[in-house]
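S.K.:
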Amino acid sequence: RPGIFVLVVPASSASALQGSEGVAALEAIAEDTGAEVVLEEELIGGTEYLPLRIVGALGPTVAAAGRVGDLLQALADAAGDASALSGLSPPAMPPRSGLAPSVLASLPPREPP
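With the first letter of the sequence shown counted as 1, position 11 gets the number 1103 in my numbering; the numbers rise by one all the way through.
1. Measuring CA to CA, which of L1131, L1135, G1137 is closest to V1147?
2. Within the same chain, show all residues whose beta-carbon is closer than 6 Å to that of L1180, passing over the 5 residues directly before and after it, in chain order.
3. Should T1139 be labelled buried (16 or more other beta-carbon atoms within 10 Å of its own) or exposed?
4. Could you give the first and the last residue of the continuous beta strand (DSSP E) run that contains R1214?
5. Restricting to Cα atoms, I'd like to know which of P1094, V1101, I1096, G1126 is closest to G1161.
6. Measure the alpha-carbon distance for I1121 versus G1158 and round it to whole angstroms.
Below is the structure:
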């Protein structure tokens, strides 16, 4: 049964995702994980945030959320300003230690940073 995970991305950080490299990266994440990954174009009412929607089965959705989180962190690191991600809520991915053993077993291994 498919699930949905939504990241709230500050519009100021989203421009990097909408560029040619960001789109290619989001498409690669979707292709690699099997989850649907969509950066919405409309701001959340009354805010400066865009929703980034991830839809799919549990394993692919969690894997895609982790990869998107890694991408956003890499963009912030490249800009030399981790505060670019300060508006993200909720966190890109919960720590794996807090997941049930059956969920952990279904997840692909993480690559070291």
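Just so you know, even glycine gets a beta-carbon here, dropped at the ideal spot from N, CA and C. Just so we're clear, the structure is a prediction, and the values are computed from it rather than from any experiment.
M.R.: Per the coordinate set shown:
1. L1131
2. Confidence at L1180 is low in this model, with a pLDDT of 43, below 50, so its placement is unreliable and the value that follows should be read with caution. None.
3. exposed
4. Past the boundaries of the shown model lies residue 1214; the chain is included only from 1093 to 1205, so the question cannot be answered.
5. V1101
6. 10 Å
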